[in-house]
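See below for the structure under consideration.
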Amino acid sequence: MIEWMPLGTGARPVPQPVATPLVWAGAGGGALVLVALLNTVVGPDRPELALPALSLLAALLGLCARFTAAPGTALLCWLFLNGFAIPPAGALTWAGHRDTTWLACLLTAALIGTALARVLHARAAYRRLAPDRARPDTAAGELEWDGR
Numbered sequence: 127m128i129e130w131m132p133l134g135t136g137a138r139p140v141p142q143p144v145a146t147p148l149v150w151a152g153a154g155g156g157a158l159v160l161v162a163l164l165n166t167v168v169g170p171d172r173p174e175l176a177l178p179a180l181s182l183l184a185a186l187l188g189l190c191a192r193f194t195a196a197p198g199t200a201l202l203c204w205l206f207l208n209g210f211a212i213p214p215a216g217a218l219t220w221a222g223h224r225d226t227t228w229l230a231c232l233l234t235a236a237l238i239g240t241a242l243a244r245v246l247h248a249r250a251a252y253r254r255l256a257p258d259r260a261r262p263d264t265a266a267g268e269l270e271w272d273g274r
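Each residue of the sequence shown is one higher than the one before, counting from 127 in our numbering.
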């Protein structure tokens with residue numbers, strides 16, 4: 127006779143975020159590659175394409191980072207955007223309104239990515255801990271084999 131036993135030993139913890147220096151290394155390296163790729167493909171005079179691409183990178187990095195990593199991620203992406211995606215290449219400049227907007231956009235993208243990851247992880251953890259309301263026999267701890 128086959129006896130069915132659960133393989134899990136309990137609730138699985140929520141995944142831990144990646145260390146902040148590792149996220150910042152990913153932001154620096156990813157921004158460098160992304161800006162170099164955009165400068166090669168579409169030309170260096172197109173910052174309107176670089177800002178959304180770097181915002182997407184910041185949001186993707188935010189998915190695996192802590193909230194404290196968001197300002198540094200935004201700053202690193204802005205440095206590559208300002209230094210290499212707009213002319214003159216290699217010179218950091220500060221145009222008050224434009225650069226403030228870019229920094230705010232990059233910071234918002236990183237924070238949205240981090241908040242989205244936290245919500246998804248919390249929801250998954252809740253679903254693992256909450257009893258299955260659709261099938262009352264599994265909520266009581268019984269396992270059912272459906273023959274598949």
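Positions of the beta carbon are idealized from the N, C-alpha and C atoms, including for glycine.
Can you tell me whether residue i is buried or exposed? The criterion is at least 16 other CB atoms within 10 Å of its CB, across all chains shown.
i	result
residue 149	buried
residue 212	buried
residue 159	exposed
residue 217	exposed
residue 240	buried
residue 152	buried
residue 199	buried
residue 182	exposed
residue 196	buried
residue 130	exposed
residue 255	exposed
Near residue i, which residues of its chain fall below 7 Å by C-beta distance, leaving aside the five closest residues on each side in sequence?
i	result
residue 250	none
residue 176	161, 164, 207, 211
residue 203	153, 157, 180, 183, 184, 232
residue 171	213
residue 220	none
residue 228	177, 204, 207
Excluding five sequence neighbours on each side, which residues of the same chain lie with their C-beta closer than 8 Å to the C-beta of residue i?
i	result
residue 189	239, 240, 242, 243
residue 141	247
Which complete alpha helix (DSSP H) runs does the stretch 206-257 hold, if anything under 4 residues is left out?
If we require 4 residues or more, the alpha helix (DSSP H) runs fully inside the stretch 206-257 come out as 222-255.
Counting only runs that start and end within the stretch 151-196, where is the alpha helix (DSSP H) found for 4 or more residues in a row?
Unbroken alpha helix (DSSP H) stretches of 4 residues or longer found wholly inside the stretch 151-196: 173-188, given in chain order.
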